[in-house]
Every structure is written in structure tokens, then in C-alpha cells.
Amino acid sequence: MKSNKYLDLINNRNFVLKTQNGRRTQVWYFHQQSLTIRTRYNNQSWDIKSSGKSNDMQIWSTNSRWWQLFKYTGEKTRTFANFQQTSRVLDTSTQDIEGQPVRVNKYNGGVNQRWSVIYLDKAKKIETKGLNEEFGFHINRPFYIVSELPFNRVAEMLGGTNMVLKRWRKNTRQQQFWFDEKSKTIRNNYWKNYCLDIQSNGNSNNLRTTSGINSRWW
Amino acid sequence: MFRYQNNFVTNEKGKVIAVSGGLDNENRNIVMEQKNGKVHQRWRIIYVDEYKGEPTKGQFNDKFGLYVERDFYVVSSLPDNRYLDLINNRNMVIKTKNGRRTQVWYFHQQSLTIRTRYNNQSWDIKSAGRTNDMQIWSTNSGWFQVFKYQGNQFINWSNSKVLDVRGGKDVEGNPV
């Protein structure tokens, strides 16, 4: 797909498409003993839900039954096909959006069924500087978030939790933020291990920072 | 995950970060809102190594069109070129130049208001902006005290109303 999103998990269980974020839920390996594809997150295996009766994909405890066995069909077709029901391949909707579910569907040759396998030892290193054009921020370069209201106040983190509007003060790191390329999150320059976060998993309107960095949409 | 696009800090659900209630006040919460394009949702990302800070005394504030704390007169463009002045040390009028400090003004960066050298009070639309009359008043930086100078006009930042000599009459003591 156009944006080259990565296969990932939500709720550490279900397959979705997501922007690369450095989490182990995007890292997979082939396990010879079980012949399954496993996640580095918890070593569970790819699995068609309901013992293969559904089209939904998840990770599950390894049992090496047919609904857990997949092969990569190579550089030409680039599909992940179920080993027994070879017409069922890993598939996502033609909508190339964040968090789009990934399922198995009948092979149709579409770009939404094609995948690239990038081995970590061959993958490009994470950029440490320069502009990330997709996100609009320079990587690792501290910045102010300046309101266009008349006073041009800036965003400031209070106590590592709430974000408020304040007059600019020189060298106040609570008012400085930076973009982390690995997690694709905005970090505070004082509480460096905290990222910008919409409270209650995005169900609130409150902005805060959190140390529980999970690169989800909120 | 947030993206910076066209002066909005947005997420993939179409929400943007915004100043709560649109009020430009210290310690105002910053929240998420549905995008409506208003100024309280607009931001500039300025990198720390490029940020110049606020203008200081003698420097030009290009957003407000005035030099910081540099005294000036406000001269009407009506034929007699009368000066902005005060009567009863409170209400704005036009008067012939007279050397009094009630005709001397300066831009105060910290409050973003225009102040008189007479007693350092600020330009103010009476009744918290609900009238059209102008006076000087204790500084509070409410929207009804914030004006910019642009194109030979003094324009209120929020409602875009301009400083105006009543009825266009070029007579001594006419209200502004």
C-alpha cells in the first residue's frame, strides 16, 4: 500500500496496519519447530480466529494447527498464504489508514494483499535527525508549540501531566518538545520519557503526558 | 501520534490540539477538539535553536506593528492633524498638540497593550468591549485592550474594529 504501514497488533492481540513505531509488536520471526510465524512481543503465533472459521487474524498460543501455518509466497506475488487453504491470504482493506484491521481473504492479486518482509539486520537504521515529512517535525530537535492567539503563548507541561498555555520563558525545558522517530511520538524535553497522550485511550479531550508510550493513535 | 500540518497539530481522528475555550489566558488548559480552523487551534512549531523570543525594549513587534516601549503620538489624518488625547484623564478625544503626557503613548510588550505615559493605564473599549467608547483603564489584557497598528489604523485584535474619530468631525475635543 502507498504508505507502507507495518503489520502490528492492537490490544496485543489483533492484527492491524500501523505506522512503524519501534515496538516489538511489529517484529516477527519464523519458528522452525512449530512452523508458525511468531511475534517478538510474547512469542505467540499467527492464528486465524475461531480455529480458522473466521477471517480475523490474531496471535495465539502456538498449536501448529492448519490455521496457524502460513508461507510467504516470494518476491513475485508477496503474499502470506495459509499453508492448507492456499487461496486464503493476509489481506487488508484497500483503505490505507492507521489501525486498519488485517484479516485473511480470498486471493485477488490486489496491492492490499501484498507484503514486504524486511529483516531487521537489513532494515534501514532509524533516522536521528532531519525532517520527518509525514509527521511534519524535525527528529530529535527541540521545539516550542506556539499559539497563534495574540500573546503567542507556548504549550507547557505542568508536573509532567497536564498541558497548559504559558508565556514563553527562556531555557524552560517544560516548554520544549521533541519528536521521537522510533516511537513517532512527541516527547517533553524535561520529562524526556513521557510522550504527549490523549487521556483515557483517546476517549477524553484532555491532553497530558504519559510514560506508558505505546504509539497508539491517541 | 500527532502530525503537524498547515499550522494544526492533528491526529488521525481529525482532532486537533486547541486552547480550551479559545481564551488566551495564562495557565489555560490545552485540549483536543474537532477541527474548526479557528485561531485558538492554530500553532507554529518553532525550533528552540531558531526561536528569537519576545521583542524587548526598543525592538519592533511585527505582529503588532509597534516598537516596544518607544514613545509615540497618535496623529489623526483629518485635515488639522489633531493628536489623540484624554479628557478627564480618562476618555479619548482628539486635541491640538499640547505637550502633555496624555498625548504620549507606548506599546507594552508584556501586556500587549498600548499605554499612556500619563499613568501607564491601557487603551480600553469601555464596558469590557460592549460599547464603542474608548478610555484608558487598568491593564488586564482582555481582548478589549489589545490593538495592533496596521495600514495606518489601530485595529482591535479580536473584533477588527478600528480607532475612529466620532462622526469624522475634525473638531477640538471630539471623542474617539
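First to last, the protein sequences are chains A and B.
Numbered by this note's numbering, the letters in the first sequence go through residues 26 to 243 in order.
Numbered by this note's numbering, the letters in the second sequence go through residues 234 to 409 in order.
Note that beta-carbon positions come from the ideal geometry of N, C-alpha and C, so glycine has one too.
Item                                                                                                            : Value
DSSP-derived helix/strand/coil call for A/Trp92                                                                 : helix
Test: B/Phe235 CB closer than 8 Å to a CB of chain A                                                            : yes
Proximity test, Cβ basis, 8 Å: B/Leu299 and chain A                                                             : no
C-alpha distance - B/Phe340 paired with B/Arg363, whole-angstrom precision                                      : 23 Å
C-alpha distance - B/Tyr412 paired with A/Phe160, whole-angstrom precision                                      : It is not possible to answer for residue 412 of chain B, since the shown part of chain B is limited to 234 through 409.
Contact test: A/Glu159 Cβ vs the ligand ZN heavy atom, cutoff 7 Å                                               : You won't find the ligand ZN in this model; it holds no ligand whatsoever.
7 Å Cβ cut-off: residues of chain B touching A/Gln45                                                            : Within 7 Å Cβ-Cβ: nothing; A/Gln45 doesn't reach chain B, min ~11 Å.
Reference A/Asn88, options A/Ser76, A/Met82, A/Lys96 and A/Leu156, closest by Cα                                : A/Ser76
For A/Ser76, the three-state DSSP class (helix, strand or coil)                                                 : helix
Cβ-Cβ distance between B/Leu317 and B/Val409 below 8 Å                                                          : yes
Selection from A/Lys78, A/Trp91 and A/Ile35 that minimises the alpha carbon distance to A/Thr64                 : A/Ile35
Limits of the beta strand (DSSP E) - the one that B/Lys191 falls within                                         : Lying outside 234 to 409, the shown extent of chain B, residue 191 of chain B is not represented and no answer is given.
Spatially closest choice to B/Ser391 from B/Ile263, B/Arg399 and B/Lys381, by CA coordinates                    : B/Lys381
Three CB pairs or more closer than 8 Å across the stretch 287-301 of chain B and the stretch 257-272 of chain B : no
Helix, strand or coil at B/Asp346 [DSSP, three-state]                                                           : Checking the sequence, you will find Thr at residue 346 of chain B rather than Asp. B/Thr346 falls in the strand class under three-state DSSP.
Chain A within 8 Å of B/Asn262, Cβ atoms only                                                                   : yes
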